[in-house]
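Novice: For the sequence shown, the numbering used here gives the first residue as 1, with consecutive numbering after it.
Note that beta-carbon positions come from the ideal geometry of N, C-alpha and C, so glycine has one too.
Can you read through this structure? Questions will come right after.
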Amino acid sequence: MKSIFITGSADGLGLLAAKELVKQGHWVTLHARNEIRSKEAMQLVPGAAGVLAADLSDMQATKRLAAEVNNLGAFDTIIHNAGVYKASAQQILNVNTIAPYILSCLVPARRLIYLSSSSHLSGDATLKGLKSVPPMVTYSDSKLHDLILAKAMAGKLSNVYANAIDPGWVPTKMGGADAPDDLDKGFQTQVWLAASDDPKALVTGKYFNHQRQAKYRTESDDVEIQEQFLSICEKICGVAFQKS
Ligand SMILES: NC(=O)c1ccc[n+]([C@@H]2O[C@H](COP(=O)([O-])OP(=O)(O)OC[C@H]3O[C@@H](n4cnc5c(N)ncnc54)[C@H](OP(=O)(O)O)[C@@H]3O)[C@@H](O)[C@H]2O)c1
1 MKSIFITGSA DGLGLLAAKE LVKQGHWVTL HARNEIRSKE AMQLVPGAAG VLAADLSDMQ
61 ATKRLAAEVN NLGAFDTIIH NAGVYKASAQ QILNVNTIAP YILSCLVPAR RLIYLSSSSH
121 LSGDATLKGL KSVPPMVTYS DSKLHDLILA KAMAGKLSNV YANAIDPGWV PTKMGGADAP
181 DDLDKGFQTQ VWLAASDDPK ALVTGKYFNH QRQAKYRTES DDVEIQEQFL SICEKICGVA
241 FQKS
């Protein structure tokens, strides 16, 4: 049995992954944006171990969340799933880029899973928008950031499996009712990477679509870009990555 924390698990792919992992007998802690959504999440996943509330668009709230996760004890797996699409550049930055960065810096786990997207392929690898004040981060940029973060964690942390996922374009609140891809396949890769002992899941620094390694922006492998990314995130939120 694995202990697993999933951000944004009151809806969509986070909720579906949580339900499946609970069904498999894992100890799953949910996360939602506020107390009301937390109650709703617990009703939707009755077997969950618990739920933590934090609005990830608020960096201070994300830092408090990290402390609360650590107070619960050691987790085997964190799924960095919460995300926004139709939102301001600042919200996209805080929720999609900075929240997974802060949690990666402050919460250790053996398996780290980052929800990226095929739209990362059109993200800006120069990180220009991330550096600008105010930030000019698009959704595609933020999903490239998630991939860069996964690759950076994979490079820096030994004995850790850190990977990124493109779940496909699937019919969630974010994906919309007309999304063409298979909703089940949209969460199964997270579930597999979170808990399976399949040797194909025990890898690090990879980018998956539907349990297969997929084409990605190779700039994310560039250690200089990774270092630049970590350093800009540190400047933005005041949290430094320190190898534990
Ligand atoms: N669906 C797709 O086609 C698709 C494609 C590629 C990548 N992805 C990625 O997959 C991940 C999950 O997406 P999804 O389709 O499941 O989206 P979704 O249905 O919109 O769910 C997103 C989850 O994140 C939570 N969230 C958003 N902003 C938050 C905040 N400020 N604080 C705390 N929680 C917050 C939402 O909470 P509420 O329920 O309270 O709003 C929800 O539980 C995202 O990272 C997304 O970028 C999705």
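1. According to DSSP, Asp-166 sits in a beta bridge with which residue or residues?
2. Near Ser-140, which residues of its chain fall below 7 angstroms by C-beta distance, leaving aside the five closest residues on each side in sequence?
3. Residues bridged to Leu-115 by DSSP?
4. May I ask which residues mark the beginning and end of the beta strand (DSSP E) holding Phe-5?
5. Shortest alpha-carbon distance to Val-170 belongs to which of Leu-157, Gln-188, Lys-128 and Met-153?
6. Report the CB separation of Ile-6 from His-26 in whole angstroms; it is logged as a contact under 8 angstroms.
7. Need the endpoints of the alpha helix (DSSP H) that Leu-183 sits in, please.
8. Check the DSSP bridge columns for Lys-50 and list the partner residues they point to.
9. Taking buried to mean at least 16 other C-beta atoms within 10 Å of its own C-beta, is Leu-15 buried or exposed?
10. By DSSP, does Thr-97 sit in helix, in strand, or in coil?
11. With the cut-off set at 8 angstroms, would you say Thr-77 and Ile-102 are in Cβ contact?
12. Assign Lys-235 to buried or exposed, taking buried as 16 or more other Cβ atoms, counted over all protein chains shown, within 10 Å of its Cβ.
13. Checking 8 angstroms against the spacing of the C-beta atoms, do Leu-193 and Asn-163 come in under that value?
14. Where do the ends of the beta strand (DSSP E) carrying Asp-55 lie?
15. Given 8 angstroms as the limit, is there contact between the region 104 to 116 and the region 135 to 149, that is, 3 or more CB pairs closer than that?
16. Got a sec: does ligand 1 put a non-hydrogen atom nearer than 7 angstroms to the Cβ of Ser-117?
17. Cβ of Leu-249 versus every heavy atom of ligand 1: is any distance shorter than 7 angstroms?
18. Find out if the Cβ-Cβ distance for the pair Leu-147, Arg-217 is shorter than 8 angstroms.
19. Can you tell me whether Arg-217 is helix, strand or coil according to DSSP?
20. For Lys-131, which residues in the same chain have their Cβ closer than 8 angstroms to its Cβ, ignoring the five residues on either side in sequence?
21. Nearest CA to the CA of Arg-110: which residue from Val-203, Asp-182 and Cys-237?
22. Could you check the C-alpha separation between Ile-98 and Ser-3 for me, to the nearest Å?
23. Less than 8 angstroms between the CB atoms is what I'm expecting for Arg-64 and Ala-74, so what's the real figure, rounded?
Specialist: In this structure, then:
1. Asn-209
2. Ser-119, His-120, Ser-122 and Gly-123
3. Ile-165
4. 3 to 6
5. Gln-188
6. The Cβ separation is near 10 angstroms, so there is no contact.
7. 183 to 195
8. It is worth fixing the name first, because residue 50 is Gly in this sequence and not Lys. DSSP lists Thr-29 as partners of Gly-50.
9. buried
10. helix
11. no
12. exposed
13. yes
14. Where Asp-55 is concerned, there is no enclosing beta strand (DSSP E), given that its DSSP letter is neither H nor E.
15. yes
16. yes
17. In the structure as shown, the chain begins at 1 and stops at 244. Residue 249 is therefore absent and cannot be evaluated.
18. yes
19. coil
20. Ile-232
21. Val-203
22. 23 angstroms
23. About 19 angstroms; that fails the 8 angstroms criterion.
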